[in-house]
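Undergrad: Going left to right, the sequence shown walks through residues -27 to -1, 1 to 198 as mature numbering (1 follows the signal peptide of the UniProt record, and there is no 0) numbers them. Here it is: the structure, laid out below.
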Amino acid sequence: MRTFVSKNIARVALLGAALGVSAAATAAPVYLNDAAGVTVTLGAAHAGDPEPFANRTTAASLASIIDAPTATSGELHTQSTHVWVSGGPLELVFDFGAEYDLSTLHFWNYHSENYDVDTIVFTFYDDAWALVGELTESPVLGNLTGSDSTPITPEDYALAFPTNVRYVNAYLTGSNNQVDFNNIGFTAVLSDPDPDPVDVPEPATLALLGLGLAGLGLARRRRGA
Ligand SMILES: [Ca+2]
Ligand SMILES: [Ca+2]
Ligand SMILES: [Ca+2]
């Protein structure tokens, strides 16, 4: 039984190699904040104001943006968890450290209209900073009770387009010039670093075909002799 299984695993692996199927292309998407060491920094809009947050330091605020342990975790809105800019927008730059094919973006908004994030413009870039996609979202409120004692829950945005994304710029704005939320997260698979060419015969297939033809010729010659 073990032989049967291992032989078939070997066959599947060979088939995968022949078809050019990489492990990255077939892998299930994972929550990057947990798995890939996502980092986030302030965007260019804050060049003259390195401490734009109303309630905490930039270091503490940025760290708390990407610390939701899973893509579905709830998080209470407290003075030590929420991210708040009073008097203008917030611009963030995320770096995944490598290129990923994004499938879902997760956003944990504040729970009432006076301070929530009303619009986010996301732009997606590859590792050479070439633009690969854009998305504008109007997030829903983070919970239905409008209460700090009810956890903020994430809203998911499905992403069909962005492949080979390393950097994401997020520009967040709100009514009353208030921006208040808890987390931003990403789910993705590692991009194929070497996309396979199409319509090019595999050398191994050609070699096998050549061997087969040579064998046929040999057999014919032997029958004829
Ligand atoms: Ca957080
Ligand atoms: Ca609002
Ligand atoms: Ca709103």
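Glycine is no exception: its CB is placed at the ideal position from the N, C-alpha and C atoms.
Looking at H79 and G158, is the spacing between their C-beta atoms short of 9 angstroms?
TA: Here the question's residue 158 lines up with position 185 in the sequence shown. Here the question's residue 79 lines up with position 106 in the sequence shown. Yes, the Cβ-Cβ distance between G158 and H79 is below 9 angstroms.
Undergrad: Rounded to the nearest angstrom, what separates I125 and T54 at their Cα positions?
TA: Walking along the sequence shown from the start, residue 125 turns up at place 152. Walking along the sequence shown from the start, residue 54 turns up at place 81. The straight-line gap from Cα to Cα measures roughly 11 angstroms.
Undergrad: With ligand 2 as the reference, list in chain order each residue whose Cβ lies under 6 angstroms from any of its heavy atoms.
TA: E86, D89, D91, G147 and S148
Undergrad: Locate the alpha helix (DSSP H) running through S34, then write down its first and last residues.
TA: On the sequence shown, residue 34 is found 61 positions in, with the first residue counted as 1. From DSSP, the alpha helix (DSSP H) with S34 extends over T31 to I38.
Undergrad: Out of R139, G61, A8 and F134, state which residue places its alpha-carbon closest to the alpha-carbon of E24.
TA: The count along the sequence shown starts at 1 and reaches residue 24 at position 51. Ranking R139, G61, A8 and F134 by Cα distance to E24 puts G61 first.
Undergrad: What's the gap between the Cα of residue 200 and the Cα of Y83?
TA: Any answer about residue 200 is impossible in this case: the structure gives the chain only from -27 up to 198.
Undergrad: Going by C-alpha distance, which of I93, D167 and L75 is nearest N6?
TA: Numbered from 1 along the sequence shown, position 33 holds the residue referred to as residue 6. Here the closest residue by C-alpha is L75.
Undergrad: Can you give me the Cβ contacts of T109 inside the same chain, cut-off strictly under 8 angstroms, excluding the 5 residues immediately before and after it?
TA: As a position in the sequence shown, residue 109 is number 136, starting the count at 1. Here the set comprises T92, I93, V94 and F95.
Undergrad: How is D100 classed by DSSP in three states: helix, strand or coil?
TA: Taking the sequence shown and counting its residues from 1, the one referred to as residue 100 is at position 127. In this structure, D100 counts as coil in the three-state DSSP scheme.
Undergrad: Residue 203 to Q151, Cα distance in whole Å?
TA: No statement about residue 203 is possible, as the shown extent of the chain runs from -27 to 198 and does not include it.
Undergrad: Report back the beta-carbon spacing between A17 and E64 to the nearest angstrom; my notes put them in contact at under 8 angstroms.
TA: On the sequence shown, residue 17 is found 44 positions in, with the first residue counted as 1. On the sequence shown, residue 64 is found 91 positions in, with the first residue counted as 1. The Cβ separation is near 7 angstroms, so the contact holds.
Undergrad: If I measure Cβ to Cβ from T12 and keep anything under 8 angstroms in the same chain, skipping five residues before and after, which residues do I get?
TA: Walking along the sequence shown from the start, residue 12 turns up at place 39. Closer than 8 angstroms at the Cβ level, and outside the excluded window around T12, lie I39, F67, D68 and G70.
Undergrad: Does the distance between the C-beta of N82 and the nearest non-hydrogen atom of ligand 1 fall short of 8 angstroms?
TA: As a first step, residue 82 must be located in the sequence shown, where it is residue number 109. No, Cβ of N82 sits at least 8 angstroms from all heavy atoms of ligand 1.
Undergrad: Between Y4 and A44, how many whole angstroms is the CB-CB distance? I'm expecting something under 8 angstroms.
TA: Along the sequence shown, one-based indexing puts residue 4 at 31. Along the sequence shown, one-based indexing puts residue 44 at 71. Their Cβ separation, rounded to whole angstroms, is 5 angstroms, which keeps Y4 and A44 in contact under 8 angstroms.
Undergrad: Going by the DSSP bridge assignment, what does A71 pair with across the sheet?
TA: One-based indexing of the sequence shown puts residue 71 at position 98. According to DSSP, A71 bridges with nothing at all.
Undergrad: Beta carbon of Y88, beta carbon of W57: below 9 angstroms?
TA: Locating residue 88 in the sequence shown gives position 115, counting from the first residue. Locating residue 57 in the sequence shown gives position 84, counting from the first residue. Yes, the Cβ-Cβ distance between Y88 and W57 is below 9 angstroms.
Undergrad: Ends of the beta strand (DSSP E) at N150?
TA: Working through the sequence shown from its first residue, we reach residue 150 at position 177. Annotation for N150: no beta strand (DSSP E) segment contains it, and DSSP assigns it neither H nor E.
Undergrad: Suppose you measure from the CA of L114 to the CA of G21; what does that come to, to the nearest Å?
TA: Taking the sequence shown and counting its residues from 1, the one referred to as residue 114 is at position 141. Taking the sequence shown and counting its residues from 1, the one referred to as residue 21 is at position 48. If you take the alpha carbons of L114 and G21, they lie about 30 angstroms apart.
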